[in-house]
Each structure stands twice: as C-alpha cells, then as structure tokens.
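Everything below concerns the one structure shown next.
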Amino acid sequence: MKVTIDGIPVDLPAGTSALDAVFHAGRDVPYFCAHPYLSPVGACRMCLVEAGTPRKGKDGAFELDEATGQPKIFWMPKPMASCTLQATEGMHIRTAKTSDVVAKAQAGMMEFTLLNHPLDCPTCDKGGACELQDRAFEYGYGASRYGFDRRHADKHYALSDFIILDQERCIHCKRCVRYFEEVPGQEVLDFIERGGHTFIDTEEGGLPVGFQGNIADICPVGALLDNVARFRGRNWEYDHTPTTCTLCPVGCSITVDARNGRLERVVAGEHRDVNEVWICDAGRFGHVFATEERLTVPLVRVGGELREATWDQAIEAMRQGFSGHGSNVGLYLSADSTLEEGAALVALAEAVGTPSRDHWPRYPHTPMSTATLTDVATADALVVLGADLGEEAPVVELRILEALRGGLLPAEFAHGTAIADLRLTERPARTPEKLAVIGRESRLWRHAGLRVPAEGPDLLARLARPDTPDLQAALRLLEEAEKPVLILGADVLNGADTAFSAALSGLAGRVGAKVLVIPAGPNSRGLGGLNLVPGAGGLPYGRLGEVGAAFLSRLDPAAQGLPGRARGFTVVHDTHLTATAQGADVVLPAVTNYEKRGTTVNLEGRLLPLAQAPLRAGEGADLIRALVAVAEALGVRSPVRGLRGAQAWLEARYGLRLAELPAGGRLQPPRPPQDAATGLAHAPQLWKPRMLPRPERRGSGVPGREARAERWELPLAPAPQPGGDD
Amino acid sequence: MSVLDIAKGMGVTLSKLFQKPVTVSYPEERVTLQPRFRGRHVLTRHPDTGLEKCIGCSLCAAACPAYAIYVEAAENDPLNPTSPGERYAKVYEINMLRCIFCGLCEEACPTGAVVLGNEFELADYRYGDLVYGKEDMLVGVDGSLPQRREAARTGRPLRRGFRVEGGARPELEGVEYPS
Amino acid sequence: MTYFADKHPLLADIFSRYPDSPQGRRSALMPLLREVQNAEGFVSEARMREIADLCGTTATEVRSVMSFYSTYHTLPTGRYHLQVCSTLMCALAGSDELWDHLVSVLDVQPGDVSADGRFSVQKVECLGSCGTAPVVQLGDEGYYENVTRQKCDRLIAALRQDAPPPPDNPVPVTVREDGRQMTAAGERVGASIHDRKPLPAGGDR
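Line order of the protein sequences matches chains P, X and W.
The working numbering numbers the first residue of the first sequence as 868 and each following residue consecutively.
The working numbering numbers the first residue of the second sequence as 8 and each following residue consecutively.
The working numbering numbers the first residue of the third sequence as -19 and each following residue consecutively.
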C-alpha cells in the first residue's frame, strides 16, 4: 500500500492508521489520547491531518488529474484525526509542516485543551516529561485568548495510596479509563459529568492494587501521579537507569529514577516480548527498601553485641569464625541474585570443597518452560494450574488477559510500536471461555470461563485423567485448541519431581500445548542450571541449622520461622538488618538488585541484563565482592573475583555468553536445573514488608546540615535588626 | 620626553590633589552599591501572608550554569503551610563558592522567590559554611553567615559594609539595606 | 432491602428488550435507572451498586452514565428542580448572572433542597436550546427560554404558589407508563415493544 505523506512516498501494510503512516515517514503529529497498547478513540483531536484519496471512476480506473496525468486526489473537506483514520492505497496526507490549515487547526485545538489546564507546571511532577508541555511548545500559539475563569476542581484527590489525581490538570484523553477497561479488565475509572466539567473518578472506594500504577505512566499530563515519588525530584534531575525488575520471575523492563543516591521512582520500560509497557504495583511502588534503613557498614559481634566495623575487621572476624569448620560451610543465596553472583558462589563452594550450597526459593524440581509470554498472549486456550499469578508473576496475568481479548500484538514500524493500532477497539469483546483456572481462588478467577476450586500437588495428574466434569472441560479446552498454553504455579510445583516432568511433557505432547512454568524465585530458573543445589552429602537451605558454619546472602530464614543460624558461625550478607542478621556473628552490607550489573533469567528462559543505578549504599558490596572477602577469610582463592571473571567462568563452563547481551535480552533456553530436595514448601509472596512505602520515614538525606545547625543557634525569623554600628 | 611633558603630568597630579577622593576606605567606611549589584541571594516571602514564595520547583537549579543550587521539595501540611499551594522547598541550598552571581536563577524563578540581593561579604573559613541554606537566605535574616557568627560571638549588632543608593530594589521584598 | 428484590417480572421485562449477551445486559442500564428514579426521586449509591450488579458492570460505570444525563439525580431534589444551562451560549447570554440571582433569591445551594422542600437548583451542561439562551429546565416538564431576571422572578413567584406556568417548550416527546412515546400534542411517535411483530420469514435485507 503506497501512501504519500508531505510528498514522501512510503510503503505500508494494509490496515495502518494515518498516524502511524505519518510517523513511519519520519514526520510528526501531536497526539495525547493514542497509545501503542490502547485502542485509538480520537478523543483529544490533536492529531489532525489533511487527507485525500484518489477516486475510481465508473470504468474502475482512477480518475486522473488532467494537468499531471496522475490520479486526482480528492481532499477531505476538513482535517481528519489521523489516529482513527485508516491509511488507504494512494492516500495523500499533509501534516502541519506542509499545511497551514492543519497547523492552524492544531494550534486552535491546543488552545482549547489549555483553556482549563492550570499553569502550575513548576509544581507539577510531570513537568519536564509532559506530553502536553512539549506539544504546546511545538504546536501551540504560545498565548491564550481565554479571558474567563478556568475550571476549578479538586487538585489533591487521592484515588488510592499510590495514585493521586489532580482533576484540574486532566485533559480528558481517556487513556486511564481505557487502560483499566482494556488491560487489567477492571472497570473502576470513568468519566463523571459531561462537557467541560468532566472529571475522572471511581465509585469503588479506590483503585484496586495490582496494576493501577500504570496510569501514572500513560497520563499525558500531570493529572495522575505516582504518590510515592510525589515531589521527590523534577524529571530532569533524576538519573534514569533502564534495567530489569527482579521482584518476580517475569523480568519486566523498568527504568529506575534515582536522585542524590536515593531511589525515588520506578517507571515501566517497553519490552514488546515481556511486559509490553505495563508493570505491576509491587515493581513500581515497592522500591522504598532500596533507600530506607539500608545497612551501609559491616557489623561484627563483639561481646554478644553487633558493632560497626571495617571490612578488614569483618574479614578477620570471619577468619576466626570459620576456622575449625573446615569445609563444613554452607553457602546460600537468594534466588533473585544474578547469574554472575551464582557463578561466584559455585566457584567458591568448589574451591572450599563444600557440597552445601543452595538458592532459595526454589522447587525440588522445576520442569522446563516451552512457552514464551508472547505465546501466552496469542494462545487460543489457557489453563492455569495451581498458580496465584498475583503473587507469583503478575504481568503474566496481563498477558493472559491480552489473549482473552484477541491476542492482538501491535505492529512495529520505523518509529517503534504502532501508536494507533486500529484493530484494538474500545470495550473489547473478551472470550473468557478460553481460560480455565484450576486451583485456589485468585484475582484471575473473575476473567475465567472455567473455574475449578482445587489444591494440592496432584492437580496435574487429575487434569491428565479428569475425574470431574469441570476438569474434563479443562482438558477438552486444551485438546480442542490450536495453540494452547498450560501455566503451572507454586501449588503444583512444590511437590514436583522428575515423574511430574514426565507426566507434564506427556500431557503437553498429547494435547499439543506449550508449557509456562513459573519458577519459585526471580532467577531460580537461571541459578538452578548452575549446579547451585546441594551436592552429595550437602545440606539444603532448609536444613541450615545442621550446617557447621554458614554464609547467607540476602536470605532471612528467621523471618520464615526457620532457625536463623547455622550450628556454629553464621555470616549474613544483606541490605537490611533483618531478623537473621540480628542473630548473626558477622553482617556484611549488600546492595539491592537496582545497584547491580549482571544477568538474570526470566520464566521464559530469557537472559535479561541488570544495570546499576546510582544509589547510596555506603560500603555495601554485591555478592561477588562479598565472596572475595569470604574466600580471603576461608584462606582459599576463588577463580571468580569480579563481574568479568564470573562471565568468563560462565562462558568457559556452560558456554553462556553474557558480556554482549543486547538491551532487550536474549531468549536462550537455560540448562535444565539440577534436582535436589528442599525440605521446605515455597509460599509465594510478592509484597514483602520492607517494600511498603512509608514516605514519612525518609530523612532529608543531606548530611551535615543538622550538625551545622547545632553548632550555634541560627536566628530563623528574627525581628529586623538595626543595621551596622552607626 | 621633555621637561614640559613632565610638568604637564605633574600638573594633572597636582590638580587631582584638591579633588574629593574616589577611593572608599572599606571596611571602615561603607561602600556605595548600585541597587542592581548582584550579591548574595534572598528568599522572599509573600508580604501579606508571610508564606515563602519558593515552591521548590528546581527551575533555578536547572537554569544555574554553575550547578550551585540544590532543591529538595516536599508537600505542604495543609493546616500549617510553608508556601502557598501544595509544594514547598524542604531543602534549598546555594553553594556560594560555585555561584557566579549571574542572576539566571532569579530570571528562571516563576514566583520571584529567589532574588539576588546586594550583600557580598561572604568570606568564610570552611567550604561547608559557604553552602547557604534556607535559614541563611530567607528574608529577615540579615548579613552573611560569618557576619552573623561574628555578631553572635561579640554580642555587637551586625554590620554591613555597604550602602545602597535609594535602598534595595523592589524585587527584594522586605529587605532593607542602609542607604 | 434492595429495590429490585421483589420486582422480578419488571426486571424480566426490561432485560427482554435487549439481546441476551453481556453487552445486552449492560444496555438495560438506562431503564433500570429511570425505574429507580421514578420511584425514589433519585438514585442513591446503594442503588447504583445494585443496578451495576444487575447489568454486570461496576458502580463507576453506572455513575458515569447517570452523571452524563442531567435528568438523573444522585441526591434528593425539591418539588421543583431548576436546572440552569451553563455552557457557552447560555453563559454568553448571562446564565452566570441568572444562576447567582436564582441561588440568592431561593437561598439554596446545589445539592441542597430549600427549607420548604420546594426548590433545588443545579448547573447543567448544554440543554440544546442555544438559540433561546439562557435556558432553565424545570424538572422533567420542559424549558423556560430567554430567561431574564424578571422572567426568573415571575417563575419563582408562580412556583411558590405551586402554579408552574406552562413551559415555553415542553419536552417534545414523553414516555408513558406503558413505554409508549407521545408528543405533547398527543400523537404517537416511535416504536414500542408492544408493536413488535414477528419478522417476515426468510427476511429481506
């Protein structure tokens, strides 16, 4: 399909919107209401263009312009909204660059949009990253002729603990309303009233926690704002670090915004194959632990009490503590650690000769995933077995809902994802009958056509040989579909073994289904393949209390109700003074995953890179460097002493090339994880206590000011003094 | 060079001997500044309500070519606001060592909160003491940090070594300089 | 006690007018709202939730639809509910001054009912009578057009006597109890479900 934009001919697939045609040709059009993953509705009327098409005469041939001999273009009488206009064969489009009519219409429309928009950009958190600000600058008149009172409404209307609404700033683009209707399928926001007094509100007593934070990202103005990051900094002051979220195994693309060494905000990044542009509320708002109450120096137990120490003192204390335990040392790390950190731990364990090494959480046996998240989004039948996705992998839930509304993945153009995909419609028809949920009740139930309350590890066997009509229906759903996907969660995986895997691949092969297994920890799929499980005679994490001496990295067994100590000497490497750390002999400060470089593996088996945000961590060290200190204390020399070394070790042993990983990661099925009993059941929990935002606990963060104020009394508001000595 | 030229030069010297001297023997005498002289910043308040004009928008920091300004904003307590509106500057610091007194912050300020005053006697001993906070710059705080420290130490009133013809310019709302 | 708990035949009748699908159920929203408002004078939040459950939607959606139309009320109204158009044409013709006058004369604020239970007032969006601005609508009765201050005073005086003057422009089509639509002149207009005839076999498009 040939389309001409401002005289530039482009070749486009049929069905492209005029808006995407313009951007594809390298031209620009302002828009507020269109969004790549939402339906185009033409609400804001900013994307006006002049459009014209050739017309066929009675003989079926194009009517020709007598002067040029080319097909004559019949221009539409008024500018058209390009987001809802489909580009057609031979269409000519003029943007503001070549058409004064369009430029005037857009400037006039901008004046209308700004009529009631308050001029409080200096206090608005969107300022500097505001679509309205940018477009008003590019396409507006620069002045308003409106002489009446602006609309006044509630400027401080909290829709929930996380989202705050400024009704005056709203320009009625309806993105947030469409987002809730189309993406998480919750009709909790809508326009109230009509005309100029329209505002956004909910009658449900607040927004549901889950995916509400995304509306702060998509709001083109500062009407819907992140309340956790409220007034923490201006957009140009943040250090933006694109990285990967490691709170759950999905591995969403995020951007970490830090200022002055503190993590102030997390916004979603775009990854078409993983999270599109949506992230869950835990990933967005649950970042305060990275800033609050961080452990910044090593602590050493002296006389029964933990005291601040230097790393050298901590190494000396570890040398004394580990002596006498020989190789009876357990090394345990959290399953959200990077592959490089896992490599460092394995290398050290081999150097020491201890078989007691483990990561947690993990399942005794994790079957391999064969489905990608795109397979989930385009599936025609989905069976979710024993998973509470809200706790295990929230964004998988959104991809399932995407499948239920047709599985339409937006096209890709020269400018990126299609901005106005005309196949997406408002209030999409959903097909709940494509989804069967078997397990405990969860948020996904509301969207499922078939709900089977059940629990226990034998669910897979029961699905393979259904004993109830409901399970028979679920199996029939899989059998009759062309691209079915089976999703497995904690409830079935806790009791998994090799026989389970065989049964799973048997069932999947029989019905032709792909399988998505949700691993227990954010990177347990990657770490499991590194032989990071107890070897012969080794003790798993669940039997920590039987190990002679132990090193725990970012694990808190005491909070889980386990014995928080090894039999003897215990070293804890953590970001906070956890319950376990409080009982340890040496505590080493760690860094969070926002401050690491490295690689993680998500539930599809996709290698995703982590980048380092500039956060204040004191003397905190990642696991690789902490293990160098431990190795020194143990009197061994580990072959892995840095990130590069870890990557070289991984390449030499497993052929994993991590050094030149592209920004979007690489889908590379990982090695199958080794099996080992855990002795523990994993209960997934997304929100950890330290993730809950408590903004009032944040100090000023500027050291020295208080100290200086104490030196001598400052007259804060004194009476005017007589000047000078005359 | 002839004798005549020398005599000419001496003549100029002699004629100046009887003119009023231009030199001011600062600091014993006050130097006279023009109102537009750019010195230490003042954070002004709204005269009627006493609320701070600064809303913590950081535009001064963005405009600053020397990266001398650091602002941290917070939300006003609605019952006991610091500034009108929702937002105020919890931390407002200017590093006077970095500041080049160009006045771009004043131009960037949307509320007229930060205004360059005329005070220039800022010399101090430690780097840290030259980072001025809100408590050093809010209107009503007279003199620089070392001057106030000296006044507090000796118990004598603070002395400023300048006068401004016609008083402080109108943008310096509430500031009084000796004229 | 929910409103529709004992009205199953009515519910069945209303839902029978729409397709038996999720979208169809949502379409029953308007008659259900009308039913509650006719009976109770306004639609409370509890009723919104009840209707939302019946239609398979959320109270937010119900409130959104309700607030779009100025003829649904979320609060009890007085016997005479005066709605003043405040959109562009009426505003240019002086509806702001009219509103101020009305509020001060009646001593009632939007959302309240005057002490004698007679009056309530509301600013509404365009009533579609721009040529005769400013316009005041009295309840569901009709429009008073070109309302000057004097005309407003006369209207209020008449309403105080419980003798509302005939509207300048009565509502053109009213819906009777049986669902039949009638013009002010008493002529039948539109279709009614009572006129339904089976479609001819084979169907012709």
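Where a beta carbon is used, it is the ideal one built from N, C-alpha and C, also for glycine.
Environment of residue i [buried if 16+ CB atoms lie within 10 Å]
| i | result |
| --- | --- |
| P54(X) | exposed |
| I76(X) | buried |
| F1189(P) | buried |
| L21(X) | exposed |
| G1472(P) | buried |
| N125(X) | buried |
| R(-3)(W) | exposed |
| V146(X) | buried |
| I1491(P) | buried |
| T935(P) | exposed |
| L1429(P) | buried |
| M958(P) | buried |
| R1564(P) | In this prediction, R1564(P) has a pLDDT of 39, which is less than 50 and means its spatial position is unreliable; nothing more can be read from the coordinates. |
| K1463(P) | buried |
| V101(W) | buried |
| L1594(P) | This structure leaves residue 1594(P) out entirely; chain P is present only between 868 and 1593. |
| H1039(P) | buried |
| L905(P) | buried |
| M8(X) | exposed |
Rounded distance between the beta-carbons of residue j and residue i, thought under 8 Å
| i | j | result |
| --- | --- | --- |
| A1157(P) | L1114(P) | A1157(P) to L1114(P), Cβ: 11 Å. No contact. |
| W1094(P) | A1025(P) | Checking the sequence, you will find Asn at residue 1094(P) rather than Trp. Contact holds; Cβ gap of about 7 Å. |
| I940(P) | G919(P) | 4 Å |
| C950(P) | C914(P) | 5 Å |
| G1465(P) | E1071(P) | Not quite, the Cβ-Cβ distance comes to about 41 Å (not below 8 Å), so this is no contact. |
| A1363(P) | T1233(P) | 7 Å |
Span of the alpha helix (DSSP H), counted from its first residue to its last, around residue i
| i | result |
| --- | --- |
| A885(P) | A885 to H891 |
| V1243(P) | L1240 to A1244 |
| V85(W) | S75 to L86 |
| V1384(P) | Element bounds for V1384(P): not the alpha helix (DSSP H) but the beta strand (DSSP E), K1381 to V1384. |
| M8(X) | No alpha helix (DSSP H) holds M8(X); DSSP gives it neither H nor E. |
| I1491(P) | L1490 to L1501 |
| M162(W) | Not the alpha helix (DSSP H): M162(W) falls in the beta strand (DSSP E), residues Q161 to T163. |
| G1209(P) | L1206 to V1219 |
| V1044(P) | R1042 to E1049 |
| V1304(P) | No alpha helix (DSSP H) holds V1304(P); the beta strand (DSSP E) holding it covers L1302 to G1306. |
Continuous beta strand (DSSP E) stretch holding residue i: start and end
| i | result |
| --- | --- |
| Q17(W) | Per DSSP, Q17(W) belongs to no beta strand (DSSP E); it is in the alpha helix (DSSP H), L9 to E20. |
| R156(X) | Here R156(X) belongs to no beta strand (DSSP E); instead the alpha helix (DSSP H) covers L152 to T161. |
| T40(W) | Not the beta strand (DSSP E): T40(W) falls in the alpha helix (DSSP H), residues A39 to F48. |
| L123(X) | V121 to L123 |
| I1182(P) | Premise fails: I1182(P) lies in the alpha helix (DSSP H), W1178 to F1189, not in any beta strand (DSSP E). |
| L1355(P) | P1351 to L1355 |
| H1154(P) | Premise fails: H1154(P) is in no beta strand (DSSP E) and is neither H nor E. |
| W1516(P) | Looking at the DSSP string, W1516(P) is not in any beta strand (DSSP E); the run it does join, the alpha helix (DSSP H), is L1510 to Y1521. |
Opposing strand residues paired with residue i [DSSP bridges]
| i | result |
| --- | --- |
| L40(X) | V171(X) |
| Y77(X) | E100(X) |
| W1103(P) | Bridge partners of W1103(P): none, in fact. |
| N149(W) | Y123(W) |
| S100(W) | H61(W) |
| G1197(P) | A1417(P) |
| L145(X) | L50(X) |
| R1132(P) | D1124(P) |
| R29(W) | Paired residue(s): none; R29(W) is not in a bridge. |
| M17(X) | Its beta-bridge partners do not exist; DSSP assigns none. |
| F108(X) | F108(X) is not bridged to any residue. |
| F1078(P) | None; F1078(P) has no bridge partner. |
| Q117(W) | Q63(W) and Y123(W) |
Any chain C beta carbon closer than 9 Å to residue i
| i | result |
| --- | --- |
| H959(P) | Absent from the structure: chain C. Protein chains present are P, X and W. |
Next on the checklist: Which runs of the alpha helix (DSSP H) at least 4 residues long sit entirely within the segment 1454 to 1484 of chain P? Give them in chain order.
Outcome noted: none
Item to check | beta strand (DSSP E) segments (min. 3 residues) lying fully within the segment 911 to 987 of chain P | outcome: 915 to 921, 940 to 942 and 959 to 961
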